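Sequences listed follow chains A and B, in order. For any residue, its number in the numbering used here is found by taking its place in the first sequence, counting from 1, and adding 353. For any residue, its number in the numbering used here is found by taking its place in the second sequence, counting from 1, and adding 186. Please read the structure below before turning to the comments.
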Amino acid sequence: MQFMLLFSRQGKLRLQKWYVPLSDKEKKKITRELVQTVLARKPKMCSFLEWRDLKIVYKRYASLYFCCAIEDQDNELITLEIIHRYVELLDKYFGSVCELDIIFNFEKAYFILDEFLLGGEVQETSKKNVLKAIEQADLLQEKTENMFHSKSFIGSKKAY
Amino acid sequence: MLAGSRPGVGKAATSRRLAPLCSPSPGKSKEAEIKRINKELANIRSKFKGDKALDGYSKKKYVCKLLFIFLLGHDIDFGHMEAVNLLSSNRYTEKQIGYLFISVLVNSNSELIRLINNAIKNDLASRNPTFMGLALHCIANVGSREMAEAFAGEVPKILVAGDTMDSVKQSAALCLLRLYRTSPDLVPMGDWTSRVVHLLNDQHLGVVTAATSLITTLAQKNPEEFKTSVSLAVSRLSRIVTSASTDLQDYTYYFVPAPWLSVKLLRLLQCYPPPEDPAVRGRLTECLETILNKAQEPPKSKKVQHSNAKNAVLFEAISLIIHHDSEPNLLVRACNQLGQFLQHRETNLRYLALESMCTLASSEFSHEAVKTHIDTVINALKTERDVSVRQRAVDLLYAMCDRSNAQQIVAEMLSYLETADYSIREEIVLKVAILAEKYAVDYAWYVDTILNLIRIAGDYVSEEVWYRVIQIVINRDDVQGYAAKTVFEALQAPACHENLVKVGGYILGEFGNLIAGDPRSSPLVQFNLLHSKFHLCSVPTRALLLSTYIKFVNLFPEVKPTIQDVLRGDSQLRNADVELQQRAVEYLRLSTVASTDILATVLEEMPPFPERESSILAKLKKKKGPSTVTDLEDTKRERSVDVNGGPEPAPASASAAVGPSPAVPACCDGLGNNLLLFCSLMFVCKNNGVLFENQLLQIGLKSEFRQNLGRMFIFYGNKTSTQFLNFTPTPVPRCGLDSLTRTHLNLQTKPVDPTVDGGAQVQQVVNIECVSDFTEAPVLNIQFRYGGTFQNVSVQLPITLNKFFQPTEMSSQDFFQRWKQLSNPQQEVQNIFKAKHPMDTEITKAKIIGFGSALLEEVDPNPANFVGAGIIHTKTSQTGCLLRLEPNLQAQMYRLTLRTSKETVSQRLCELLSQQF
């Protein structure tokens, strides 16, 4: 996978993950072009399209579009399920996730993504294992937060 | 999930911190947001610069805010240093935010990279799996060359160390994969590779998943080193596909066992040919059959995720079957399965089935099976609502086209073209033009098709297409009259496309005489018809028409006064456009001063165009990327040479020089630009063309040879929009095994500019000296950096012994005398071989001449045989060569005999020439 973008129906970019080195200018250009292309497509159209020399796989969940760019030999359907698994992970972690969760807890969205996908490839497909890793990190966070600032903000929310 | 906004969002600390920055309420204007952000940025900047040292928590808070602001779409140009400081914090959260900032906002500032690398080094050495994980994630996310330099040695050790935790192993595997993609030269292969392969046997499926990705990437470049992965992958796959849906616990996804891993294993197997070991091969075939069988079973769940995951595996299995292209049974089953999907109610599946079938169409085992779906595909073209699906249908029709269905497919594409989306029209035009040419049995049909193309989609008919129709008409005597008649009729339409005027003008200028006997298309009528379009046309077309007029002066003396009047008119002689004015002046003069004979010589009919690959094909390849198109062309092996049968390699001569309709020189350009992939075989008998092409780079060649010297111009075209850096092409002669000390070829060249801009072309000149006869062609090594990754390309340079071949004319008597002199057994080399191409006399002659030898007519008593003679020039010697080629049409065989005074020369020339027929 070359990159993954999350954007809203209004075209606002909510999360971007690039697995190939590109300049900021190129990133912006690609984002602009792709957001336009994908938003212009009607529902019920197929989830794949050719774009430059890449294949775009996208799916809309509520107000958010999840959009992945993969290479020629990559598998479209499994990419569609990568998106779905990521949504499931977010959902499980945030407990019925919504766009605002991703806006305000962007760091969590990134951490979960890093546990699931690394370098553009699936690292761990087990939902349990990914969430376990994030929970452990949260525990560490809680410990340090408690130690230094005695603020607890995650403890109330168990993912599962 | 993601059902929409819900109350109680502010769960995490960040939301509390950031909420004031971002108001999702629509009432606030954009300016207000920017103002608030700028205020906040100023605040953070002053905190960072302030006298009071910030504690870790505040630093983290502000770095996090910066990140948030960046993600809202604003530029961030500070805070990097603070983020780097966070990396060395002992507190997990601070470290984590630091790493996130670095990952999202990488800066190639080298001083910072050193600091970052230091922090990473410490974390990797910490033995704390969480910290190690963070550090590895950061390397994988940034993946810069500097990081590769620092960690490419360390990461493999972590990966294969016995005491590394599973999760760290997973991260290390993918981290290494990213570094390998960025800088393959910095990742040393070594003992670790065999241990990585054995990760395919690991208990932990997550580890296997990550390792499979790594192995696949490494195996693509080092297939030998990872060969043992094949049997391990097969057995792993076999265990997965035969497991019950509950066996793999959390790795089962909607009742599909380990779909991601299955897809990756199937992908890995596509790096290799079918396994040689019959046991492994049998087991793999079983797996593939099981996967195909499962597709027929009723679904275990109605959820789309279930069918997607299952079909993802199925499609990957079909890709492997197509890749192996060796089991007819599996190929046909795959084709039937895809056939079912063609009518599936899921658009996604229809799309993928069309796409996958496209590759299946190029296999000889399944081509026929694919063709049975033609009606469904045509129907898809007409009824699919989604343009991307229709596009796939067009591609598939193109791929499944052959002589038997060409007329139907071309007709369907033409009729679709009338309503096709603008975005894909040009491509369809190219495809129709190629198919019409390739499978034309009847050239009248071909001409009709192209004129129809121009009528329906004139704006999308590129120059290549209309050049091509002219080339073909010029090369085919039998269609010239029909073409003249047809364009004449087409031009009658009150509004016709300018491209038609161009084709019409050109063809009537060349072949108008063939229809001039009919009073309805008498010379004057033809002229008036063309001239009625003149004023509506653009300058290049008008220039072309002026050339047509002067050709008319030659063809039809009776219209000379009319044409001279037109040329003499102010709107021509004093045209503001220099080109038009010059043509008018010169043509007028030519028509007045030149005698009929001179006029006839100057304006002689165009000689046939040399046999070359269709320029349209080249254009399509350029559009689509070479891989897709060539595969089909290569495997179908339907040669298109017979179309432009003109064998003479003489370029457009007299009439092109003087009657320079713009089409003529441009035509040659269009032809010269032909695309030939990799195959230096193609270059044995020719000197120009495209040597190599991939997604990034195109290498073109032009070369000339005289005696033992040669000069080659190599053109490197950057096909991407990104700069190539450190671009270093180096031609290297290779020594044959016979002599390691002596060089047979001297190559001299200068380095080229190391930076090649996107879309730009650079040229390199190589001076060649042939010292003595040789067999090994030199190699061109090219290295460059493209977007951070190191690219390495090696291609053979088509410098073969026959390039130093000078033709020698001689009489029949001389020939046989020398032939007899060279009767030692070492001097003669003979080869009998099967014809690989249609046995066409004219093409054969052209090839012998292209090979460098003189073609001696009326030497051999049997007129079907070919005889040639020439001298191979090297610095140290000159070797006379005689050759004789005897075709046997019944058996579709050739016998080639070479006699020279030097055994190695006979041997090499015989090898080279045998491959050509």
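A virtual CB, placed ideally from N, CA and C, is assigned to each residue, including glycine. In this text, all values refer to a predicted model and were calculated from it rather than measured experimentally.
Just to confirm my understanding: we take residue i, look at its own chain, exclude 5 residues before and 5 after, and list those with CB closer than 6 angstroms. What are they?
i, result
"H390 (chain B)", "D352"
"R1094 (chain B)", "T961, L987"
"A770 (chain B)", "L753, Q758, L759"
"Y439 (chain B)", "P445, A495"
"I1018 (chain B)", "R1081"
"S274 (chain B)", "A305"
"N423 (chain B)", "It is worth fixing the name first, because residue 423 (chain B) is Leu in this sequence and not Asn. Same-chain partners within the cutoff: L451, C473."
"N1051 (chain B)", "E1072"
"T442 (chain B)", "Per the sequence shown, the amino acid found at residue 442 (chain B) is Val instead of Thr. The residues are A495, K496."
"L506 (chain B)", "L452, L455, Q456"
Between which two residues does the alpha helix (DSSP H) holding residue i run?
i, result
"I660 (chain B)", "649-661"
"I564 (chain B)", "560-569"
For residue i, count neighbouring C-beta atoms within 10 Å of its own C-beta (all shown protein chains included) and say buried if the count is 16 or more, exposed if not.
i, result
"T558 (chain B)", "exposed"
"I656 (chain B)", "buried"
"A729 (chain B)", "buried"
"K370 (chain A)", "buried"
"M586 (chain B)", "buried"
"E1044 (chain B)", "exposed"
"T1062 (chain B)", "exposed"
"F878 (chain B)", "buried"
"K461 (chain A)", "buried"
"G896 (chain B)", "buried"
"A626 (chain B)", "buried"
"Q884 (chain B)", "buried"
"R578 (chain B)", "buried"
"E483 (chain B)", "exposed"
With distances taken between CB atoms, is the gap from residue i to residue j smaller than 8 angstroms?
i, j, result
"F1103 (chain B)", "T1030 (chain B)", "yes"
"H323 (chain B)", "S369 (chain B)", "no"
"L686 (chain B)", "A676 (chain B)", "yes"
"L442 (chain A)", "I456 (chain A)", "no"
"R1085 (chain B)", "L1071 (chain B)", "no"
"G886 (chain B)", "S479 (chain A)", "no"
"I223 (chain B)", "H260 (chain B)", "yes"
"I171 (chain B)", "L567 (chain B)", "Shown here, chain B extends from 187 to 1103; a query on residue 171 (chain B) therefore has no answer."
"C544 (chain B)", "D581 (chain B)", "yes"
"L774 (chain B)", "V745 (chain B)", "no"
"A393 (chain A)", "L407 (chain A)", "no"
Sorted by chain position, which residues of the same chain lie with C-beta nearer than 8 angstroms to residue i's C-beta, five sequence neighbours on each side aside?
i, result
"S724 (chain B)", "E684"
So, with DSSP's three-state summary, where would you put residue i?
i, result
"G922 (chain B)", "Residue placement at G922 (chain B) is poorly supported in this model, since its pLDDT is 44, which falls under 50; the coordinates are not used for a value here."
"K370 (chain A)", "strand"
"S1100 (chain B)", "helix"
"M898 (chain B)", "strand"
"F447 (chain A)", "helix"
"H1059 (chain B)", "strand"
"V475 (chain A)", "strand"
"N1017 (chain B)", "strand"
"Y414 (chain A)", "strand"
"I262 (chain B)", "coil"
"A1040 (chain B)", "strand"
"L470 (chain B)", "helix"
"N497 (chain B)", "helix"
"Y773 (chain B)", "helix"
Output the boundary residues of the beta strand (DSSP E) element that contains residue i.
i, result
"S330 (chain B)", "Premise fails: S330 (chain B) is in no beta strand (DSSP E) and is neither H nor E."
"C421 (chain A)", "417-423"
"P1073 (chain B)", "1064-1074"
"E1104 (chain B)", "Chain B is shown from 187 up to 1103; residue 1104 (chain B) falls before or after that span and cannot be answered."
"E995 (chain B)", "First-last for E995 (chain B): undefined, no H or E at that position."
"F527 (chain B)", "Not the beta strand (DSSP E): F527 (chain B) falls in the alpha helix (DSSP H), residues 514-528."
Which same chain residues end up closer than 7 angstroms to residue i when comparing Cβ atoms and leaving out the 5 residues on each side of it in sequence?
i, result
"A347 (chain B)", "none"
"S707 (chain B)", "F674, I701"
"A555 (chain B)", "V518, C521"
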